[in-house]
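First up is the structure itself, then whatever we jot down about it.
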Amino acid sequence: MFQSQVSAQTSVRRIILLATALGFAVIGMIWTAVEMDIRQERAFAKRTAVQTAENYARLFDEHIRQSINETDNTIKFIRQDYLRELGTFDLQAWVQNQYSFKELALQFAIIGADGRMETTTTAGAAPRVDLSDREHFRVHVASTTDELFISQPVLGRASGRWSIQLTRRITDDAGVFRGVIVASLDPYYLSRFYDSIDLGKGGGITVVGRDQIVRVMAGLSRQTLGSRYVDEPSVTRAVRDGFFVSMGGNREAGRATAYRAINDWPLVVAVRVDDSDARQLRITAAAHTRLISTALSIGVLAVILLGIAYWRRFGEALAALTKSRAAAKATTHELHQTLNNMTQGILMVDGNGQVAVINQNALNFLGLPETFTREGFLLADLLAYEGKTGDRIVVDVHGGTAPESDYLSVREHQCAGGKFLEICTRHLPGGGFVQTYSDITERKRSEQALRDARDIAEKASQVRTAFLATMSHEIRTPLNGIIGMSSILEATQLSAEQHGYLKTIHECGKALLDIVNDVLDYAKLDSGAVALEQMAVDVRGLATSVKEMLGPRALEKNLSFDLVVADDVPARIETDGTRIRQVLINLVANALKFTLSGGVVVSVATRNLAGGRSGLRFSVIDSGIGIADESRVRLFKEFSQVDASITRRFGGTGLGLAICKRIVDALGGEIGVDSMLGKGSTFWFDVPAREVAAALPEPARASRTQLPARLSVLLVEDNPVNQQVATLLLTAMGHAVTVAEHGRVALDLAADQAFDVILMDMQMPVMDGTQTSRALRSGTGPNCKTAIIGLTANAFASDRQACLDAGMDDFLAKPVTREKLDAVLAELAQHPPTTAPKAAANGDVDQAFRRALFDEIGPDASVMLLETFIAEALRLLAETQAAAAAGNTVAVAGLLHQLKGAAANLGHSGIVDLTATAPEDLVESAALQSFATRLEAYLAAEKHDLRAAA
Ligand code: ADP
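Using my numbering, the first residue of the sequence shown is number 59, and each one after it goes up by one.
What follows is the structure, given as structure tokens:
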């Protein structure tokens, strides 16, 4: 992990070093080139200077040599002529003809052997000047050799000017010394000539004698004339070597002095070339070049430094990258560890169908060999392997298009070995998927155990409920007998005392019946046997009916009883009206029970419920005995009463509020109480309430004939005691009674004979009350419009509702008593039902749904739709019957499914529920018959609606 980091850093360091070295090499090259150029320039300048000096030296050497040679020749000519014309020689005249010397030579003179000036070309010179002391004379006296002598510059005594004397000895033929010929050369003349030649600022030409005395020079002056030459060794060296060049002291060169010893004459010419200007230019140029080089070098240095900084940073970044890579590797390792340690199996397939991740557990679950751990094998390989083993676990969704990339599907799979796996598949955004496999065998097992336990519990609960239902039914039947008989007995001749006893028997019976009803109701609610129904409920109507029902009780106790419904309470809400009525009845009954003076107010108002739902609050306010705070907590618990004395004073089981609470909870609402001991209580409950459109207008009911005083009554009742009680009561009332022990018998009887009233028990073997009522109403027989009064053993509101829903006109809670019969028959006689029997569809059809549907398609289409539906349902029924008779449950299932679909389309929940019947059950003829009867009843109701609508 660190090795790669180190090597990366090393390579960066190497690159930095290399770049630095390269940079310095470039700088070095720049400077070498610059210095070489400068040096070359300098060498060239030097060479030029030397050459120039040499050339000039050669030139001036030649020039001087020739000048002296010519002068010497002239001297020799003068000497020759002088010796020939000895005594008569006229120098002045001779020189007159020699114009060529005028410039160079100042004068010519002849000195006699005595050293006195004999003649001179200088005009006005003092005659016979003694010159014997002069070197240029004495040298000839001392030596007899005929040699030209060149003097140092001297101030001429004859000419009065500085001059260089060139002299030769005059020796006559006899060898006698006759004097000296003198030619005085003008050093200034030569100097001027030299001045005219430009040899640079510090350049110059100097003619030096071997004696180191300067004879002539450029820029000659009195000071320099005859002075010693500054560089004597060079003169000495030139004399020795004949020629040599000395370089100027300055290394910028450009200055060179060429020394040349003049052939034949003891003179050395020194030409110094000094191109200071050019040198200055060169220096400036070199300085510029160096400046540029410096700038260049700085640039290169800057580039190097920047490069180093960059590479450093790059190195750091590289190190960081290496580090993060190492960290990622470590994380990957940890991930692998984690993947292998998780209890789930995981498989990840990328967009190319390659297995990107697979952990040990996945291998185990999928039963794959270890060869599948190597990275990068294909999903196809895996599927091929699974194909061979035959246990296909991997859900191949590769290449499938997921609705969303995050789409998750969960599936269970039972492996060949019996193990259960839960397979979760999630599509990945870029294609591919992740699948996890969890061993859910244990969970499955415990789920099964839970299911079993629940089934047992449910069974136990069902058994208990069934027991309670049976028990209360069993208790109720003799109880009805007691109550019924006591009411019959009441109509006979009795003493006042006997009347009193009978009344007690009667009341005890009623109290016992209430208890039994409560217990049964609670048992049903507790076991969940009661399903809630959603229907359009007329809230005001519901509250009013409760007031009407319990109003007489208030009146009995001399209590006021008011109903207040707020204006904003919707006309109709969707809820289980039966259940709400039950709760309200319970609360109002309690309020009336526990109020001794004052009264009871029932109020209904709108209310916002938790979760933003709209709802209704029903309040029952009484001015009764009130409830102590400590008692309130257990009020809604079953079998709880405020204290034992309550039971004695007011009776009751302590179940009523518990039932209410269960109902309100089931409706998704809340129930509570506010109370003050001795002042009164307010029991309230909130229920969610969704406003719904008004129900279908009820079709006008076929008019029924006015009931005669003596009625022919069909009593449909299975229980012999009840048969007896009702028959006795009705006969006593002057009516004719025909008894049918169940619905089927009743239908047979009703087919032949028209009755004025049918009293219909609800629970009966073979065919119960609702089925029979539906069949009657749907038929066209003589009793299709006869008033039917349901006899409900249960005080259950739901049972009563069921009566109305089945098309009955009214209901009568058992036990059947004289008063009750009187009341219900009087009601029928006074108000022969002006409305058609409530269409069976009302409770079994989702009215809101149907209303919306019919509104949408219009009345004509609605009628057509309903007709089609009825025809179709009848056809399906016929086919179902045929298929069931043939024992073809598969076909039955298919037909039921079709029927369900058709019914659901029209919102007929009753038929939808009916289709839930198991196809296997329908093979049994009784069940098939019951199914057919119910379906026919439903369809009859629909037909009825249709007729009414048409
Ligand atoms: P019960 O059948 O005994 O009336 P409930 O569950 O209806 O059973 O009531 C339980 C107890 O709550 C009653 O016994 C009574 O003590 C008390 N209670 C109920 N309603 C009222 C009320 N309106 N005023 C005072 N006490 C009440």
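Glycine residues also receive a C-beta, built at the ideal position from the N, C-alpha and C atoms.
TODO: Return the CA-CA distance between A899 and G968, expressed in angstroms with no decimal places.
DONE: Mapped onto the sequence shown, residue 899 falls at position 841. Mapped onto the sequence shown, residue 968 falls at position 910. Residue placement at A899 is poorly supported in this model, since its pLDDT is 40, which falls under 50; the coordinates are not used for a value here.
Open item on the list: Beta-carbon within less than 6 angstroms of V903's beta-carbon, same chain only, minus the 5 sequence neighbours each way: which residues are those?
Closed with: Counted from its first residue, the sequence shown places residue 903 at position 845. These residues qualify, in order along the chain: G965 and H966.
TODO: For N666, count neighbouring Cβ atoms within 10 angstroms of its own Cβ and tell me buried if that reaches 16, exposed if not.
DONE: Locating residue 666 in the sequence shown gives position 608, where the first residue counts as 1. Result: exposed.
- [ ] Confirm, please, whether the CB-CB distance from I643 to V604 is below 8 angstroms.
- [x] In the sequence shown, the residue the question calls residue 604 occupies position 546. In the sequence shown, the residue the question calls residue 643 occupies position 585. Yes, the pair counts as a contact, with Cβ atoms nearer than the cut-off.
Task: T380 to L75 span [Cα, whole Å] - done: In the sequence shown, the residue the question calls residue 380 occupies position 322. In the sequence shown, the residue the question calls residue 75 occupies position 17. Approximately 22 angstroms between the Cα atoms of the pair.
Open item on the list: Pairs of beta-carbons, one from the stretch 98 to 110 and one from the stretch 174 to 194, closer than 8 angstroms: are there three or more?
Closed with: no
Task: Straight-line gap, Y114 to V327 (C-alpha atoms, nearest Å) - done: Position 56 of the sequence shown, counting from 1, holds the residue named residue 114. Position 269 of the sequence shown, counting from 1, holds the residue named residue 327. Going from the Cα of Y114 to the Cα of V327 covers about 9 angstroms.
- [ ] Under 8 angstroms by Cβ, that's how I've got L935 and Q956 pegged, so tell me the actual separation to the nearest angstrom.
- [x] Working through the sequence shown from its first residue, we reach residue 935 at position 877. Working through the sequence shown from its first residue, we reach residue 956 at position 898. That pair is no contact at about 11 angstroms.
Task: For I133, the residue or residues it bridges with in DSSP - done: Here the question's residue 133 lines up with position 75 in the sequence shown. According to DSSP, I133 bridges with nothing at all.
Task: Cβ-Cβ distance between L547 and L537 below 8 angstroms - done: Translated into the one-based positions of the sequence shown, residue 547 becomes position 489. Translated into the one-based positions of the sequence shown, residue 537 becomes position 479. No.
Open item on the list: Measuring only from the beta carbon, is D680 closer than 7 angstroms to any heavy atom that is part of ligand 1?
Closed with: To locate residue 680, count along the sequence shown from 1; it is residue 622. Yes.
Open item on the list: I need the straight-line Cα distance from K568 to I541, nearest angstrom please.
Closed with: The count along the sequence shown starts at 1 and reaches residue 568 at position 510. The count along the sequence shown starts at 1 and reaches residue 541 at position 483. Their backbone Cα atoms lie some 7 angstroms apart in a straight line.
TODO: Just tell me which of A515, E505 and H471 has its CA closest to the CA of Y495.
DONE: If you number the sequence shown from 1, residue 495 lands on position 437. Closest option to Y495, Cα to Cα, is H471.
Open item on the list: Can you tell me whether P211 is helix, strand or coil according to DSSP?
Closed with: By one-based count along the sequence shown, residue 211 stands at place 153. Looking at P211 - three-state DSSP - the assignment turns out to be strand.
Open item on the list: Given a cut-off of 8 angstroms on the beta-carbon distance, is the pair V678 and V658 in contact?
Closed with: Taking the sequence shown and counting its residues from 1, one reaches residue 678 at position 620. Taking the sequence shown and counting its residues from 1, one reaches residue 658 at position 600. For V678 and V658, yes; Cβs fall inside 8 angstroms.
Open item on the list: Please return the same chain residues whose Cβ sits closer than 6 angstroms to the Cβ of V492, not counting the five positions on each side in sequence.
Closed with: The residue labelled residue 492 in the question sits at position 434 within the sequence shown. Taken in chain order, the residues that qualify are M406 and R484.
Open item on the list: Let's test the definition: count the other Cβ atoms within 10 Å of the Cβ of Q165 and tell me whether it reaches 16, buried, or not, exposed.
Closed with: Stepping through the sequence shown from its first residue, residue 165 is reached at position 107. It counts as buried.
Task: For G714 and D576, believed in contact at Cβ under 8 angstroms, the rounded distance - done: The sequence position of residue 576 within the sequence shown is 518, counting from 1. The sequence position of residue 714 within the sequence shown is 656, counting from 1. Confirmed, about 7 angstroms.
Open item on the list: ligand 1 and I481: does any heavy atom of the ligand fall closer than 7 angstroms to the residue's C-beta?
Closed with: Within the sequence shown, numbered from 1, the residue matching residue 481 stands at position 423. Every heavy atom of ligand 1 is 7 angstroms or more from the Cβ of I481, so no.
Open item on the list: Please report the distance separating the alpha-carbon of Q124 from that of I239.
Closed with: Within the sequence shown, residue 124 is the residue found at index 66, counting from 1. Within the sequence shown, residue 239 is the residue found at index 181, counting from 1. Cα-Cα distance, rounded: 19 angstroms.
TODO: Would you decide whether G669 is buried or exposed? Buried here means 16 or more other CB atoms lie within 10 Å of its CB.
DONE: Position 611 of the sequence shown, counted from the first residue, corresponds to residue 669. The residue is exposed, with fewer than 16 neighbouring Cβ atoms inside 10 Å.
Open item on the list: Quick check: what's the CA-CA separation for T177 versus A167?
Closed with: Here the question's residue 177 lines up with position 119 in the sequence shown. Here the question's residue 167 lines up with position 109 in the sequence shown. Roughly 6 angstroms between the two C-alpha positions.
- [ ] Alpha carbon to alpha carbon, how far is L654 from A686? Give it in angstroms, no decimals.
- [x] Walking along the sequence shown from the start, residue 686 turns up at place 628. Walking along the sequence shown from the start, residue 654 turns up at place 596. In a straight line, the C-alpha of A686 is about 17 angstroms away from that of L654.
Open item on the list: Tell me the rounded alpha-carbon separation between D289 and Y252.
Closed with: What you label residue 289 is simply residue 231 of the sequence shown in a count that begins at 1. What you label residue 252 is simply residue 194 of the sequence shown in a count that begins at 1. Cα-Cα distance, rounded: 20 angstroms.
Task: Sequence ranges, beta strand (DSSP E) only - wholly within the stretch 140 to 213, length at least 3 - done: 163 to 170, 175 to 178 and 207 to 213
Open item on the list: Just checking F741 against ligand 1 - is the residue's beta carbon closer than 7 angstroms to any of the ligand's heavy atoms?
Closed with: For the purposes of this step, residue 741 is taken as residue 683 along the sequence shown, with counting starting at 1. F741 Cβ: within cutoff of ligand 1.
Task: Contact under 8 angstroms by Cβ, V574 with I533 - done: Here residue 574 is taken as the residue at index 516 of the sequence shown, counted from 1. Here residue 533 is taken as the residue at index 475 of the sequence shown, counted from 1. It is a contact, given that the beta carbons lie within the stated cut-off.
- [ ] Might you give, ordered along the chain, the residues of its own chain that have their beta carbon closer than 6 angstroms to the beta carbon of F301, omitting 5 neighbours on each side?
- [x] The sequence position of residue 301 within the sequence shown is 243, counting from 1. The residues are R318.
Open item on the list: Between G684 and ligand 1, is there a pair consisting of the residue's CB and a ligand heavy atom that are separated by less than 7 angstroms?
Closed with: Translated into positions along the sequence shown, residue 684 becomes position 626. Yes, since a heavy atom of ligand 1 falls inside the 7 angstroms radius drawn around the Cβ of G684.
Task: For E728, three-class secondary structure by DSSP - done: Position 670 of the sequence shown, counting from 1, holds the residue named residue 728. Reduced to three states, the DSSP call for E728 is strand.
Open item on the list: Is N575 near ligand 1 - that is, is its Cβ less than 7 angstroms away from at least one heavy atom of it?
Closed with: Numbered from 1 along the sequence shown, position 517 holds the residue referred to as residue 575. Not so, every heavy atom of ligand 1 lies at least 7 angstroms from the Cβ.
- [ ] Determine which residues share a DSSP beta bridge with E470 and list them.
- [x] Here residue 470 refers to the residue found at position 412 when the sequence shown is read from its first residue. Per DSSP, E480.
Task: Distance, D680 Cα to D744 Cα - done: Your numbering for residue 744 matches position 686 in the sequence shown. Your numbering for residue 680 matches position 622 in the sequence shown. Going by the C-alpha atoms only, they are around 18 angstroms apart.
TODO: Using the Cα positions of E480 and E505, report the straight-line distance between them to the nearest angstrom.
DONE: For the purposes of this step, residue 480 is taken as residue 422 along the sequence shown, with counting starting at 1. For the purposes of this step, residue 505 is taken as residue 447 along the sequence shown, with counting starting at 1. Cα to Cα, the separation comes out at about 14 angstroms.
Task: Option nearest T294 by Cα separation, candidates L283, Q281, R280 and D269 - done: One-based indexing of the sequence shown puts residue 294 at position 236. Of L283, Q281, R280 and D269, the residue nearest in Cα terms is D269.
TODO: From the DSSP output, read off the bridge partner residues of N666.
DONE: Locating residue 666 in the sequence shown gives position 608, where the first residue counts as 1. DSSP output for N666 lists S672 as bridge partner(s).
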